[in-house]
Amino acid sequence: MDTKIPAELGYTSEHEWVAVSGDTATVGITAYAAEQLGDIVYVEPPAVGSTVTAGETCGEVESTKSVSDVYAPVSGEVAEINQNAVDDPELVGSDPYGQGWLFKVSLSAAPDDLLTAEQYAEITGGDSE
Numbered sequence: 001m002d003t004k005i006p007a008e009l010g011y012t013s014e015h016e017w018v019a020v021s022g023d024t025a026t027v028g029i030t031a032y033a034a035e036q037l038g039d040i041v042y043v044e045p046p047a048v049g050s051t052v053t054a055g056e057t058c059g060e061v062e063s064t065k066s067v068s069d070v071y072a073p074v075s076g077e078v079a080e081i082n083q084n085a086v087d088d089p090e091l092v093g094s095d096p097y098g099q100g101w102l103f104k105v106s107l108s109a110a111p112d113d114l115l116t117a118e119q120y121a122e123i124t125g126g127d128s129e
């Protein structure tokens, strides 16, 4: 698995990543989290139209080893879920920064407390790009 941490993304200490484009944020779990989970067998993103609050649980990812909560890294309304990841949870593990994204949020406020790739690398021992 690629343990490079993309520099253009924001991160949380709970191992979510965020890509902000305008007033929309795409959210997923990091490669580090996917690696720790192992074989991912189930993904439950928040429902489209629901409101998520930064730092609060909004979904879960289940592997053959454990169930992990997904925490919202940003606040806003869920605009879209990645049905491909729901239908094929292995995408979350095999391509966490690409096809394995979990959901998109219409931001209610700009995220202000995300970690940089370098800061996240310090937590996980990974390499930032």
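The numbering of the sequence shown is full-length UniProt numbering, which starts it at 1 and goes up by one. By construction, the Cβ of each residue, glycine as well, lies at the ideal position given by its N, Cα and C atoms.
Buried or exposed: where does residue i fall if 16 or more other Cβ atoms within 10 Å of its Cβ makes it buried?
| i | result |
| --- | --- |
| A33 | buried |
| E60 | exposed |
| M1 | Residue confidence for M1 is low, a pLDDT of 43 falling below 50, so the modelled location carries little weight and cannot support an answer. |
| K104 | buried |
| E16 | buried |
Could you have a look at residue i and say whether DSSP puts it in helix, strand or coil?
| i | result |
| --- | --- |
| S21 | strand |
| D2 | Residue confidence for D2 is low, a pLDDT of 48 falling below 50, so the modelled location carries little weight; the figure read from the coordinates is stated next. Three-state DSSP puts D2 in coil, outside helix and strand. |
| Y97 | coil |
| V70 | strand |
What whole-angstrom Cβ distance do residue i and residue j have, given they're in contact under 8 Å?
| i | j | result |
| --- | --- | --- |
| S106 | D23 | 6 Å |
| V78 | V48 | 5 Å |
Go to residue i, then tell me how far its alpha helix (DSSP H) extends in each direction, as first and last residue.
| i | result |
| --- | --- |
| A85 | Q83 to D87 |
Note the first and the last residue of the continuous beta strand (DSSP E) segment covering residue i.
| i | result |
| --- | --- |
| T53 | Looking at the DSSP string, T53 is not in any beta strand (DSSP E), and its letter there is neither H nor E. |
Next on the checklist: Pairs of beta-carbons, one from the stretch 108-116 and one from the stretch 78-90, closer than 8 Å: are there three or more?
Outcome noted: no
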